[in-house]
Amino acid sequence: MYPNDHDFLQKKIDRLHDTPMQRKVRKLAPMPCGVVFLPWPGMTEAEARQHFRWMKELGFTCLKQTMPTPEWPTEKTLLLALEEGIIPYWYAEGGWQDITPALLTKLGLPADLDIDAAMAHPAMIAHQHGVIRERILRRAQPVPAGESAKPKPGLGVTHQAKAKDVVAGMVGTSLGHELPAAALPHFAEWLKKKYGTFAALKEAWNYRHVGILWPEGFDDFSDLPAVYENFKSNEFCHLVDAMRFRADTYLEQHIRAHVDQFQSEDPEEPTRAGGEMGVFLPFASRGTDMEGIALEMARGGSFYPSLHLAWHFEEVEFEVARPVYLQAAMSADWAKGIWSATWESTGGPQYFSGGKAPFVPEARDKIPGFTTDEHTMTQLVLSYLGAGFRGFGMWAWNYRTAGWEGGEYSMVGRNLVPGPRAKTVGAIAQTMRRLRRELWQSNKEPLVGVLYDWDNEATWAAMAVTGRDRYKNEPVRARIGMGRALLDANIPWEHVTVRNLRAGLAARYPVIICTAQMAISGDLWAMLKTYVRDGGRLVMDMPSAYYDEFLRIIRCGPGTPFERLFGCVLDDLSYSTALQKVVSVDGVAIQGFTAAITPTSGRVAATFDDGAPAIVEHQLGKGSAVLLAFQAGMTMWKPGSTRLQELVVRHALGRYESPYRCAGALCYRLAGPKADHYFLVNPDGDKQVVLDPWAFTYARASDPVTGQAIDLTRPIPIPGHGGRWIRCEK
284 MYPNDHDFLQ
294 KKIDRLHDTP
304 MQRKVRKLAP
314 MPCGVVFLPW
324 PGMTEAEARQ
334 HFRWMKELGF
344 TCLKQTMPTP
354 EWPTEKTLLL
364 ALEEGIIPYW
374 YAEGGWQDIT
384 PALLTKLGLP
394 ADLDIDAAMA
404 HPAMIAHQHG
414 VIRERILRRA
424 QPVPAGESAK
434 PKPGLGVTHQ
444 AKAKDVVAGM
454 VGTSLGHELP
464 AAALPHFAEW
474 LKKKYGTFAA
484 LKEAWNYRHV
494 GILWPEGFDD
504 FSDLPAVYEN
514 FKSNEFCHLV
524 DAMRFRADTY
534 LEQHIRAHVD
544 QFQSEDPEEP
554 TRAGGEMGVF
564 LPFASRGTDM
574 EGIALEMARG
584 GSFYPSLHLA
594 WHFEEVEFEV
604 ARPVYLQAAM
614 SADWAKGIWS
624 ATWESTGGPQ
634 YFSGGKAPFV
644 PEARDKIPGF
654 TTDEHTMTQL
664 VLSYLGAGFR
674 GFGMWAWNYR
684 TAGWEGGEYS
694 MVGRNLVPGP
704 RAKTVGAIAQ
714 TMRRLRRELW
724 QSNKEPLVGV
734 LYDWDNEATW
744 AAMAVTGRDR
754 YKNEPVRARI
764 GMGRALLDAN
774 IPWEHVTVRN
784 LRAGLAARYP
794 VIICTAQMAI
804 SGDLWAMLKT
814 YVRDGGRLVM
824 DMPSAYYDEF
834 LRIIRCGPGT
844 PFERLFGCVL
854 DDLSYSTALQ
864 KVVSVDGVAI
874 QGFTAAITPT
884 SGRVAATFDD
894 GAPAIVEHQL
904 GKGSAVLLAF
914 QAGMTMWKPG
924 STRLQELVVR
934 HALGRYESPY
944 RCAGALCYRL
954 AGPKADHYFL
964 VNPDGDKQVV
974 LDPWAFTYAR
984 ASDPVTGQAI
994 DLTRPIPIPG
1004 HGGRWIRCEK
């Protein structure tokens, strides 16, 4: 069963972030296909022009970036690219002035001219290129002596006008709960705003609970700077508060200030944020709120992740096909309704570079090597599109010529001539450009939402402070594992955040899965219960429902929110290993956390091999709640748990099923008013697959990159470790 009549609340998502900047980019529908161009010693103007012409001929539209050399200062490269028709900034047409009736009239064009006709008109292009040229020249102007230290207009009230409120040592660090001494007075004020009274703080920080050692002399918010270092890390709530304070401070004094500055200088020019961090990092432990950064880009421009195979895939042992989509999807899902893309992605081969894997010790002695040929690049770009990205920026068109990263990441070959990789990506780029408005009007239609909860990640991170470092990675791995199970089953899904639930988006998802949801706040319990009563299907695995928002143990007995929602009592939590006790469900071996549960009003849907309840399903209102009394997401993050994946997906979906089938390939779908787009990714060798969109009726299908007509009743060939783009016209 598939809910064909569901609108997936897409209009509501667009209304959530209906800013002037997002309205402008939706109108222009930019689809930047950019690369980084790196000048080399002795490069002539003729050589540079030739490369820009190659870019344009192949389908690339802009420079994601350049770097200066003594012979080629930045502005010289940018101006030359612009002369050759390559927009020298990552945003391409997204940085144009808004096309209004007034601007059209000013340029001697009809005030009601069609937007795409206007964008293609030579007069409009000349005007917009003039705007971009002015930006280049403005940035090339030297700063007068002493000016760099002066406050800049519009740099943000926190960062400038109230300089006394700027918190030192809070930007440019990956620390989380560790706060510098200079930040502690600000933290005290933050706590006062959050809790109101000191008595409320003491209660939140578990003053009355056994084993919590309250620092002597801590009797008021103002005492915090003097006693904070004496606070023991066995109290978790204050650690979560410290991480949240760091995240909020970064958003305020860095991200918002950056947007303020950009818009004060040129309100038409987008900025971007997100950055040079792998999406599989445990962000809460670093005091970073990536979703918060994404939401600031509703006003600023575009949210982006950096997706470099050698730098950002160590957490999954350098696996490519599925993790590429998982990282792109997480980023797009943080930025629902906001322009997002990877403005920093892999352009070519890499095998020596990448960091020392400081976050994943197991990866330190591994070579971060990849075959990044035209097939791999096809996988990357199609995965980005399927995840919801609108554009890309590749590092790089050509390679660094000496030292670190020398010879790597290059779209062109070693001899600086475009080969199959550049030509293949260029052909996809041309198709993206031709169908750009159609792609902007297309969106994911998720059958399943996998919950992302920053506070839950912070809870795991707090446990890691005095426990084991791996705890901070467990919720990330659980999301990867649940995503892997859904991808392999070709179930359309996306991440749903707690902010999304608060914004009223729960009904977008027929099924919501909570995996490794260690912490559940009172308001989250209420939202989940309402979701189920209204017809949703909630699924939760273990370990979950352990702490509340104050990091106190949740009781799960009769009459508790847990029991009323899941129709069972959670009696105990255990851990199963091959060395001690092995359990199984339907013949599938289970390792990791298991729960002893007693059904009350719920139905036992599956048992452990000893007859104890393993899966309980509870009908509540119009919906249902399913409890998996065993570890699932945290087990499935690595390849090799096929039978467990199938078990989890079967019980998670219940009566629902995917609206399409494509055995042998990963399949991502974007739904649009004129056509649906299917992106097929082959993680194995050469094969043929059948795409069966059984829930929909199409007039015709084609490969929009090659123009080949596709018969959906016949197998579709896909190169090994490559992909295909199938457009199904309605």
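Residue numbers are given in the numbering used here: position 272 of the sequence shown equals residue 555, and the series is strictly consecutive.
Cβ atoms here follow ideal geometry from the backbone N, Cα and C, with glycine treated the same way.
Computed from a predicted structure; not experimentally measured.
Could you check where the beta strand (DSSP E) with Gln991 kicks off and where it finishes?
Note, Gln991: premise wrong, no beta strand (DSSP E); not H, not E.
With three or more beta-carbon pairs closer than 8 Å as the criterion, would you say the stretch 781 to 798 touches the stretch 721 to 738?
yes
Check this for me: beta carbons of Val932 and Ile711, under 9 Å apart or not?
no
Report all residues from its chain with a CB closer than 6 Å to the CB of Pro508; omit the five preceding and five following residues, and keep chain order.
Leu467, Pro468
Within its chain, find whatever has a CB closer than 6 Å to the CB of Trp920; leave out the 5 residues flanking it on each side and keep chain order.
Arg760, Ile763, Gly764
Using three-state DSSP, classify Trp723 as helix, strand or coil.
helix
Quick check: what's the CA-CA separation for Gln293 versus Ile538?
27 Å
Return the chain-ordered list of same chain residues with a C-beta closer than 8 Å to the C-beta of Tyr374, the five sequence neighbours on each side being excluded.
Pro313, Pro315, Cys345, Glu552, Pro553, Arg555, Gly584, Ser585
Could you check the C-alpha separation between Arg751 and Gly875 for me, to the nearest Å?
16 Å
Leaving out five residues before and five after Glu645 in sequence, what residues of the same chain have Cβ atoms less than 8 Å from its Cβ?
Listed in chain order, the non-local C-beta contacts of Glu645 below 8 Å within the same chain comprise Glu600, local neighbours out to five positions each way being set aside.
I need the straight-line Cα distance from Phe335 to Ile650, nearest angstrom please.
33 Å
Thinking C-alpha only, which one of Ala935, Pro463, Leu936, Asp975 is nearest Cys950?
Selection Ala935, Pro463, Leu936, Asp975 evaluated against Cys950 yields Asp975 as nearest (Cα-Cα).
Kindly identify the DSSP beta-bridge partner or partners of Ala364.
For Ala364, which the question treats as bridged, DSSP gives no partner whatsoever.
Where does Glu627 sit, in a helix, a strand or coil, going by DSSP?
strand
Taking C-beta to C-beta, are Tyr961 and Glu1012 nearer than 9 Å?
no
For Ser636, which residues from the same chain have a beta carbon less than 6 Å from its beta carbon, with the 5 sequence-adjacent residues on both sides left out?
Ala593, Glu688, Glu691
Should Gly850 go down as buried or exposed, given a rule of 16 or more other Cβ atoms within 10 Å for buried?
buried
Using a Cβ-Cβ distance under 9 Å, would Tyr830 count as near chain D?
Considering every chain present, this structure includes no chain D. It has just one protein chain.
Please state whether DSSP places Leu699 in a helix, a strand or coil.
Three-state DSSP puts Leu699 in coil, outside helix and strand.
So, under 8 Å CB-CB, Phe675 and Gly317 are touching, yes? Tell me the CB distance rounded to an integer number of Å.
7 Å
For the stretch 826 to 838 against the stretch 888 to 898, do three or more pairs of beta-carbon atoms, one drawn from each stretch, fall closer than 8 Å, so that the two count as touching?
no
Run through the DSSP bridge pairs and tell me what Gln971 is partnered with.
Looking at the DSSP assignment, Gln971 forms a beta bridge with Pro1000.
Per DSSP, Glu1012 forms a beta bridge with which residues?
Ala958, Arg983
Under a Cβ-count criterion, where at least 16 other Cβ atoms within 10 Å of its own Cβ denotes burial, should Asp817 be classed as buried or exposed?
Exposed, because fewer than 16 other Cβ atoms sit within 10 Å of the Cβ of Asp817.
Assign Pro841 to buried or exposed, taking buried as 16 or more other Cβ atoms, counted over all protein chains shown, within 10 Å of its Cβ.
exposed
Do three or more CB pairs link the stretch 377 to 396 to the stretch 356 to 365 at distances below 8 Å?
no
Is the distance from the Cβ of Leu321 to the Cβ of Thr349 below 9 Å?
A contact, by the Cβ cut-off of 9 Å.
Assign Gly437 to one of three DSSP states: helix, strand, or coil.
Residue placement at Gly437 is flagged as unreliable, the pLDDT there being 35, under the threshold of 50; the coordinate-derived value follows with that caveat. Here Gly437 sits in coil by DSSP.
In three-state terms, what does DSSP make of Val865?
coil
Going by the DSSP bridge assignment, what does Glu900 pair with across the sheet?
Arg886, Val909
Quick check: what's the CA-CA separation for His442 versus Phe545?
Legend: pLDDT at His442 = 36, less than 50; position of this residue unreliable, value from coordinates given subsequently. About 14 Å.
Quick one: is Asp959 buried, meaning 16 or more other Cβ sit within 10 Å of its Cβ, or exposed?
buried
Put Gly633 into one of helix, strand or coil per three-state DSSP.
In the sequence as presented, Gly is not what sits at residue 633; that position holds Gln. In the structure shown, Gln633 sits in a strand (DSSP, three-state: E or B).
Leaving out five residues before and five after Gly696 in sequence, what residues of the same chain have Cβ atoms less than 6 Å from its Cβ?
Gly702
Return the chain-ordered list of same chain residues with a C-beta closer than 6 Å to the C-beta of Ser431, the five sequence neighbours on each side being excluded.
Confidence is the limiting factor: at Ser431 the pLDDT is only 39, short of 50, which leaves the residue's position unreliable, though a coordinate-based value still follows. Closer than 6 Å at the Cβ level, and outside the excluded window around Ser431, lies no residue.
Using 9 Å as the threshold, is the C-beta distance between Ile999 and Ile993 below it?
yes
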